[in-house]
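What follows is a short report on a single structure.
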Amino acid sequence: MLKAVIVVLMLAVVVSLFSGLFFLIKDGGKTNRVVNSLAVRVTLSILLLAVILIALWQGSLTLNPTP
Numbered sequence: 001m002l003k004a005v006i007v008v009l010m011l012a013v014v015v016s017l018f019s020g021l022f023f024l025i026k027d028g029g030k031t032n033r034v035v036n037s038l039a040v041r042v043t044l045s046i047l048l049l050a051v052i053l054i055a056l057w058q059g060s061l062t063l064n065p066t067p
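Right under this line is the structure:
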């Protein structure tokens, strides 16, 4: 379940990235939609980082110590 949440958040960040690109091309940077897309992307990235750090702290997600 945890890995599914991480994948969904990653996909949401990528979708937000491409929506910002679309708004930049379509609007030419004249509206606030690009800024809103950036704010959503930053928020999703912070949430993703928080989920990963909490999962590592709780032991639900482990690092691979072998090369």
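In the UniProt record's numbering, the protein residues as written are 1 to 67.
No residue lacks a Cβ here, since even glycine has one placed at the ideal position from N, Cα and C.
- In summary, Ser60 is exposed, with fewer than 16 beta-carbon neighbours lying within 10 Å of its beta-carbon over all protein chains present.
- About 7 Å separates the Cβ atoms of Gly20 and Arg41, confirming a contact at the 8 Å cut-off.
- For Lys26, the secondary structure class from DSSP, reduced to helix, strand or coil, is helix.
- Taking 8 Å as the cut-off, the beta carbon of Ala55 is found closer than this to the beta carbon of Leu2.
- In the structure shown, the three-state DSSP call for Thr43 is helix.
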